[in-house]
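Novice: Our numbering applies: residue 31 is where the sequence shown begins, and numbers increase by one.
From the three backbone atoms N, C-alpha and C, an ideal C-beta is built for every residue, glycine too.
Quick caveat, the model's predicted, so the values are computed rather than measured.
Structure below; questions to follow.
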Amino acid sequence: MHKNNPSLCPREGTWVAEVAEMWHELTRDGKPPSGAELAGALSERLQISTATAGGLLTGFQALVNYARLEQAEAASAIEEERLSVQAALAAVRPVLEARLQERLDEADQQRPALRCGGCGQMACSQGRRARSWQSTVGELRLHRRYSWCARCEQGGAPAQQEVGLPESAYTAGLEEVTTLMATTVPYELAVSLVEKLLGLQVSAQGVKHSVECRAAAVIKMQAEEAQEIQAFEEKWGKSPPYITAQAPDKDIPVAYLEVDGVYVLTREETATAAATAGRGGPGRKYAVGGREVKNAVLYEGAACAHESERRTCILEKSYVSHLGEWPSLAHLVWAVMLKRGFQRAQLLVVLSDGAEWIRRLSASLPVTVLLILDLYHVKHKLWEMAAVLYGEGTTAAKEWAAEQTQRIEQGQASDVIESLEFLKRSQHQARAQIESVQTYLRHNQDRMDYPRYRAMGLRVGSGAVESANYHVTGARLKLPGIRWAEDGAAQMARLRADLFSGIWQERSRQILKAA
31 MHKNNPSLCP REGTWVAEVA EMWHELTRDG KPPSGAELAG ALSERLQIST ATAGGLLTGF
91 QALVNYARLE QAEAASAIEE ERLSVQAALA AVRPVLEARL QERLDEADQQ RPALRCGGCG
151 QMACSQGRRA RSWQSTVGEL RLHRRYSWCA RCEQGGAPAQ QEVGLPESAY TAGLEEVTTL
211 MATTVPYELA VSLVEKLLGL QVSAQGVKHS VECRAAAVIK MQAEEAQEIQ AFEEKWGKSP
271 PYITAQAPDK DIPVAYLEVD GVYVLTREET ATAAATAGRG GPGRKYAVGG REVKNAVLYE
331 GAACAHESER RTCILEKSYV SHLGEWPSLA HLVWAVMLKR GFQRAQLLVV LSDGAEWIRR
391 LSASLPVTVL LILDLYHVKH KLWEMAAVLY GEGTTAAKEW AAEQTQRIEQ GQASDVIESL
451 EFLKRSQHQA RAQIESVQTY LRHNQDRMDY PRYRAMGLRV GSGAVESANY HVTGARLKLP
511 GIRWAEDGAA QMARLRADLF SGIWQERSRQ ILKAA
């Protein structure tokens, strides 16, 4: 394969002269050169393969065709731009196809003997077979050697795997684009955006399949990583040092872990309805329910920048989302903590709304944590109580709520609990709700020393995970009218966490490497 040499490539100003010179040299008796002859000369001049040179000429023809279009065919600037994008993609597609074919040819030549990936025995070559992939620049049709093992009854194309071409109908590049679109917006809108931006026709089902494949790879990768960490810790009594991405000597005074959950609507097939005439067969019946997506947000105290006296911006966050029980979330959280070096933080603060499962998750982490109850959850409960006791929006309700929340912030939770005990005697209709708030405060009293927390310079609000519930999970999984299959919701939750953690590209590389 030829290597690029920029010094041999003609400058823009001399390109026309270079091509004219080649054309003149190849012309015989007034007969212009053939495409093959011109491709050969171009190959020699640019030191690229003949196939790539041929692709370059084919692509140039696409640009010529666009340049020769009548102005009437592009009625507006919008249409003109659309046609130009199509021409650009059509110009680069044959070059990409030629370059990928070269890589497949080289990989096939380096593998004269083919072995079965299942049994390891020699597989029978079926010759070079052609297949197509849809890519970000259009359809690619490529040839690669295909082998078949009669014993295992399975086939494969090693060169295809080596180059990075998947078994699915989309190339890895198009899969990344479509999954990124579908992780951001609903499938139908993702299809429309792909068509608008790339001029490609993809199906909602194809996009959904790409999402499922990527999510399955992510879930498998995270599970294997968690198992590897657990096995290492059980064997050696310490965490694997190779997991940590941070410098081992980096000082982390305070790290935060915020945890909460958000419910999304799910559906479960319960029965098959009777066949209905004219509808092509039996339908399906579903029961609508809800499942909790548990979210965790991790960040350093040093990443908190003050935008104003009452507003803080967290510059770098890592998100973990899991639809399932808390022990599985704990394993995922611990893996991220190790990568960020939080296991050696001088203080790990866990901020939450006081749910019991979060207390258990915190206790399961092999580090000492400081549990802080989100101050704004407490305030919200007291303001709700004030509305019940004295009427929503009344002066009495505002005064009572303000007094109680001030006591909470001053570390006088026991006084608030005692005042609620007094209210129960006179507010019989609200007795159940008063008892509920009392129980909540008593259960979390050991996490409400707000004067001490503030003196230490610590955050007392779990706004980051509340935002994650809305932006990371809710903005995609709680759209109006959407009912998720449980697996689909679990997959989308993981992908959304990757997207908002800013590791989408890194994850793509990991998936390609694992494949």
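Just curious, the alpha helix (DSSP H) that His361 is in, first and last residue?
Specialist: Here the alpha helix (DSSP H) through His361 covers 356-370.
Novice: Based on the DSSP secondary-structure assignment, which residues constitute the bridge partners of Asn325?
Specialist: Paired residues: Asp290, Ser351.
Novice: Looking at the structure shown, is Leu87 part of a helix, part of a strand, or coil, going by DSSP?
Specialist: In the structure shown, Leu87 sits in a helix (DSSP, three-state: H, G or I).
Novice: Can you give me the C-alpha to C-alpha distance between Ala246 and Pro278, rounded to a whole angstrom?
Specialist: Taking the straight line from one Cα to the other gives about 32 Å.
Novice: From this set, Glu205, Leu144, Glu255, which residue's C-alpha is nearest Leu368's C-alpha?
Specialist: Minimum Cα distance to Leu368 is reached at Glu255.
Novice: At which residues does the beta strand (DSSP E) containing Ala275 begin and terminate?
Specialist: No beta strand (DSSP E) holds Ala275; DSSP gives it neither H nor E.
Novice: Quick check on Val323: buried or exposed, where buried means 16 or more other Cβ atoms within 10 Å of its Cβ?
Specialist: The residue in question, Val323, is buried, as its Cβ has 16 or more Cβ neighbours within 10 Å.
Novice: Can you check whether the CB of Val248 is closer than 9 Å to the CB of Thr208?
Specialist: No. Outside cutoff.
Novice: Is there at least one non-hydrogen atom of the ligand ADP closer than 8 Å to the beta-carbon of Ser348?
Specialist: Here there are no bound small molecules, and the ligand ADP is not part of this structure.
Novice: Rounded C-beta distance between Ile549 and Glu355? I'm assuming under 8 Å.
Specialist: An answer regarding residue 549 cannot be provided, because it is not within the stretch 31 to 545 covered by the chain.
Novice: For Asp290, which residues in the same chain have their Cβ closer than 7 Å to its Cβ, ignoring the five residues on either side in sequence?
Specialist: Asn325, Ser382, Asp383, Ser492, Val495, Glu496, Asn499, listed in sequence order.
Novice: For Met486, name the three-state secondary structure that DSSP assigns.
Specialist: Coil.
Novice: For Met152, count neighbouring Cβ atoms within 10 angstroms of its own Cβ and tell me buried if that reaches 16, exposed if not.
Specialist: Looking at its Cβ environment, which holds fewer than 16 other Cβ atoms inside 10 Å, Met152 is exposed.
Novice: Would you list the one or two residues that DSSP bridges to Leu453?
Specialist: DSSP lists no partner for Leu453.
Novice: CA-CA distance, Val94 and Leu287?
Specialist: Each residue's Cα considered, the two are about 58 Å apart.
Novice: How long is the line joining the alpha carbons of Ser449 and Arg482, rounded to whole angstroms?
Specialist: The alpha-carbon atoms of Ser449 and Arg482 are separated by roughly 23 Å.
Novice: If contact is defined by three or more beta carbon pairs under 8 Å, each pair taking one atom from either stretch, is the region 193-203 in contact with the region 215-226?
Specialist: No: the two stretches stay apart, fewer than three of their Cβ pairs being nearer than 8 Å.
Novice: Counting C-beta neighbours from all protein chains within 10 Å, is the total for Tyr480 16 or more, i.e. buried, or is it exposed?
Specialist: Classification for Tyr480: buried.
Novice: Starting from the C-beta of Cys334, find all residues in its chain whose C-beta is less than 6 Å away, skip the five residues before and the five after it, and write them out in chain order.
Specialist: The residues are Thr342, Ile344.
Novice: Can you check whether the CB of Ala92 is closer than 9 Å to the CB of Ala117?
Specialist: In contact: Ala117 and Ala92 (Cβ atoms closer than 9 Å).
Novice: Under 8 Å by Cβ, that's how I've got Arg513 and Thr296 pegged, so tell me the actual separation to the nearest angstrom.
Specialist: About 7 Å; that satisfies the 8 Å criterion.
Novice: Does the region 401-417 touch the region 374-393, meaning 3 or more C-beta pairs lie closer than 8 Å?
Specialist: The answer is yes - the region 401-417 touches the region 374-393, with three or more Cβ pairs under 8 Å.
Novice: Tell me which residue opens and which closes the beta strand (DSSP E) that Gly185 is part of.
Specialist: That run of the beta strand (DSSP E) goes 184-186.
Novice: According to DSSP, Tyr200 sits in a beta bridge with which residue or residues?
Specialist: Its beta-bridge partners are Gln164.
Novice: Return the CA-CA distance between Cys149 and Cys182, expressed in angstroms with no decimal places.
Specialist: For Cys149 and Cys182, the distance between alpha carbons rounds to 7 Å.
Novice: Tell me whether Gly423 sits in a helix, a strand or coil according to DSSP, three-state version.
Specialist: Note: Gly423 maps to coil in three-state DSSP.
Novice: How about Ala69 and Ala83: do their beta carbons lie closer than 9 Å?
Specialist: Yes. Within cutoff.
Novice: Who are the near neighbours of Met415 in its chain, counting only those whose CB is closer than 6 Å to its CB and skipping five residues on each side?
Specialist: Excluding sequence neighbours, Met415 sits near Val467.
Novice: My understanding is that Arg174 touches Glu205, with C-beta atoms under 8 Å, so please give their C-beta distance in whole angstroms.
Specialist: Actually they are not in contact, since the Cβ atoms of Arg174 and Glu205 sit about 19 Å apart, beyond 8 Å.
Novice: Does the beta-carbon of Gln373 have 16 or more other beta-carbons within 10 angstroms, so that it is buried, or is it exposed?
Specialist: Burial call: buried.
Novice: Taking 9 Å as the threshold (C-beta atoms), are Arg370 and Glu516 in contact?
Specialist: Taking 9 Å as the Cβ cut-off, Glu516 and Arg370 do not qualify as a contacting pair.
Novice: Are there three or more Cβ pairs, one per stretch, closer than 8 Å when the region 452-466 is compared with the region 390-406?
Specialist: Cβ pair count under 8 Å is below three, so no.
Novice: Below 8 Å on the Cβ atoms is my contact criterion, and I expect Leu72 with Pro63 to pass it. Report the Cβ-Cβ distance as a whole number of Å.
Specialist: Their Cβ separation, rounded to whole angstroms, is 10 Å, which puts Leu72 and Pro63 out of contact at 8 Å.
Novice: If we count the other Cβ atoms within 10 Å of its Cβ and call it buried at 16 or more, is Tyr316 buried or exposed?
Specialist: Looking at its Cβ environment, which holds fewer than 16 other Cβ atoms inside 10 Å, Tyr316 is exposed.
Novice: Taking Leu119 as the reference, give the member of Glu298, Leu86, Met211, Val49 with the closest Cα.
Specialist: Leu119 has its Cα closest to that of Leu86, out of Glu298, Leu86, Met211, Val49.
Novice: When the Cα of Leu378 is compared with those of His361, Leu362, Pro396, Arg390, which residue comes out closest?
Specialist: Comparing Cα-Cα distances from Leu378 to each of His361, Leu362, Pro396, Arg390, the minimum goes to Pro396.
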